[in-house]
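Notes to accompany the following structure.
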Amino acid sequence: MTYLELVAAVGSVPMDIACMYFNGRLTEREMKNVIGWKKAGLVECFYLQNRNDENNQIRK
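Residues 1053 to 1112 in this note's numbering are what the sequence shown lists, from first letter to last.
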């Protein structure tokens, strides 16, 4: 999933909350309470996917 696909899936306002999560200002639980469990699940999948991609690029 790309960043643009994530924005399309969750919307622009929840992405502001997601960015706070990405920057470490919110916990996963706080994010889920604000934007809902379904949208937060998409954000978490995106975060984990990209974290793993970055780790794989570093090893190469």
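Think of the CB as a built atom: it goes at the ideal place given N, C-alpha and C, for glycine as much as any other residue.
From a predicted model like this one, the values you see are computed outputs, not experimental measurements.
Close-in-space but distant-in-sequence residues of the same chain around residue i (CB under 6 Å, 5 per side omitted)
i	result
K1084	A1092
M1067	V1059
Beta-carbon separation (whole angstroms), residue i vs residue j, contact threshold 8 Å
i	j	result
E1009	E1096	No answer is possible for residue 1009: it lies beyond the span of the chain, which begins at 1053 and ends at 1112.
L1078	I1069	7 Å
Same chain, Cβ closer than 7 Å to residue i, five either side skipped, listed in chain order
i	result
F1098	M1053, L1058
F1074	Y1099
Chain-order list of residues whose beta-carbon lies under 8 Å from that of residue i (same chain, five-residue window excluded)
i	result
V1062	A1070, I1087, K1091, L1094, V1095
N1104	none
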